[in-house]
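Engineer: According to this note's numbering, the residues represented by the sequence shown are 93 to 370, in order.
Backbone N, C-alpha and C fix where the C-beta goes; we use that ideal spot for every residue, glycine too.
Pasting a structure below so you can have a look.
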Amino acid sequence: MPSKNNKKNIIPDHVKEYFEKDSVIKAKAQQLAKQISESNHVVIYTGAGVSTSAKIPDFRGPKGCWTLRDQGRSDEIASIKIEQALPTYCHYAITHLVKKDLVKFVVSTNMDGLHRRSGLPEDKLAELHGNSYKETCATCGKEYLRGFDTYQTVKNYRTHITGRKCSCGGDLKDTIIHFGENLPEKDLTLSYAHSKQADLAIVLGTSMSVSPANKLPLKCVNKGGKMCIVNLQKTDYDDMADLRVFAKTDEFMKYLMEFLGEDQEIDTSFDALANNWQ
């Protein structure tokens, strides 16, 4: 009979990570590069997997927050101060593709702020679950981007009040979305609009488990568009993808940028937090 400790170490199939051969990953990256060049409205959807190389744990991987919690191993969850995390190659590659107009919009469920830190323009990004660095005024709506995690000073997570004040005198609130709370209306509206326009949906680093974000890429598929999923775990929508890649997002994006002829132009030194944020 297996011991209790061995049972804890058994990896369920939906959590297990799969890795394809390098030659297969490279061939699929070349195929996606061709699809991008033939598309008019490319939308990228990102999840926690694009930030794991920045030492931010994902949720459903073998060492993910929810996986370890469900196994009674919460003490093993890797932790890093969010300010110490830096944008990954994948973040910078996405920003470059947006600035070159090869990608029209990015939808993310990440709260780590790394898309904004990599230089991705605000009007090209929807952060459906909030941004740890951003707080907004409850009175006038003014936005403040900070050089620290705004949630640290929140005493009651349901009120979101950070204890700081806007220049107008109103209370500032963090932007993190907790379970049971409504998603930000502006971000959700933009996500739906771009998803309906998309003829190519690229899903990076997400198990596509959380609604409504997991349904957004399907809007492209349902009207005849194509979908590429790059994730180490299986998803419920793998059969709907034209391209299904089991690879780390940094690794895949390096090949993709090479095939697009954009690999020499990426600036991986920029950090908006160091340059502009208060």
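(1) Kindly list the residues whose CB is nearer than 6 Å to the CB of Asp291, restricted to its own chain and excluding five residues on each side of it in sequence; keep chain order.
(2) Please tell me whether Pro179 and Ala230 are closer than 9 Å, where the distance is taken between their beta carbons.
(3) What's the gap between the Cα of Asp193 and the Cα of Gly353?
(4) Could you tell me whether the Cβ atoms of Val195 and Ile117 are closer together than 9 Å?
(5) Is Ala293 near Leu308, with beta carbons less than 9 Å apart?
(6) In three-state terms, what does DSSP make of Glu214?
(7) To the nearest whole angstrom, what separates the beta carbons of Leu220 and Ala305, a pair I think is in contact under 8 Å?
(8) What is the residue span of the beta strand (DSSP E) that Tyr329 lies within?
(9) In three-state DSSP terms, what is Gly317?
(10) Which residue's Cα is closest to the Cα of Thr267: Gln176, Asp279, Thr187 and Val107?
(11) The alpha helix (DSSP H) that contains Val190, what's its start and end?
(12) In the DSSP output, which residue or residues are listed as bridge partners for Thr228?
(13) What first and last residue would you give for the alpha helix (DSSP H) that runs through Phe351?
Structural biologist: Inspection of the coordinates gives the following:
(1) Along the sequence shown, read from residue 1 onward, the residue named residue 291 stands at position 199. Cβ within range, chain order: Ser131, Asn132, His133 and Gly317.
(2) Indexing the sequence shown from 1 puts residue 179 at position 87. Indexing the sequence shown from 1 puts residue 230 at position 138. Contact: no.
(3) One-based indexing of the sequence shown puts residue 193 at position 101. One-based indexing of the sequence shown puts residue 353 at position 261. So the alpha carbons of these two residues sit roughly 14 Å apart.
(4) Within the sequence shown, residue 195 is the residue found at index 103, counting from 1. Within the sequence shown, residue 117 is the residue found at index 25, counting from 1. No, these two residues do not count as a Cβ contact at 9 Å.
(5) Within the sequence shown, numbered from 1, the residue matching residue 293 stands at position 201. Within the sequence shown, numbered from 1, the residue matching residue 308 stands at position 216. Closer than 9 Å, so yes.
(6) Looking up residue 214 in the sequence shown gives position 122. Correct three-state label for Glu214: helix.
(7) In the sequence shown, counting from the first residue as 1, residue 220 sits at position 128. In the sequence shown, counting from the first residue as 1, residue 305 sits at position 213. Right, their Cβ atoms sit about 5 Å apart.
(8) As a first step, residue 329 is located in the sequence shown; it is residue number 237 there, counting from the start. That residue, Tyr329, is in no beta strand (DSSP E); it is neither H nor E in DSSP.
(9) Against the sequence shown, residue 317 aligns to sequence position 225. Residue state, collapsed to three classes: coil.
(10) Here the question's residue 267 lines up with position 175 in the sequence shown. Ranking Gln176, Asp279, Thr187 and Val107 by Cα distance to Thr267 puts Asp279 first.
(11) Indexing the sequence shown from 1 puts residue 190 at position 98. First-last of the alpha helix (DSSP H) with Val190: Tyr181 to Lys191.
(12) Taking the first residue of the sequence shown as 1, we reach residue 228 at position 136. Thr228 is bridged to Glu235 and Lys265.
(13) Here residue 351 corresponds to residue number 259 of the sequence shown, with the count starting at 1. Secondary structure note for Phe351: its alpha helix (DSSP H) is the uninterrupted segment Thr341 to Leu352.
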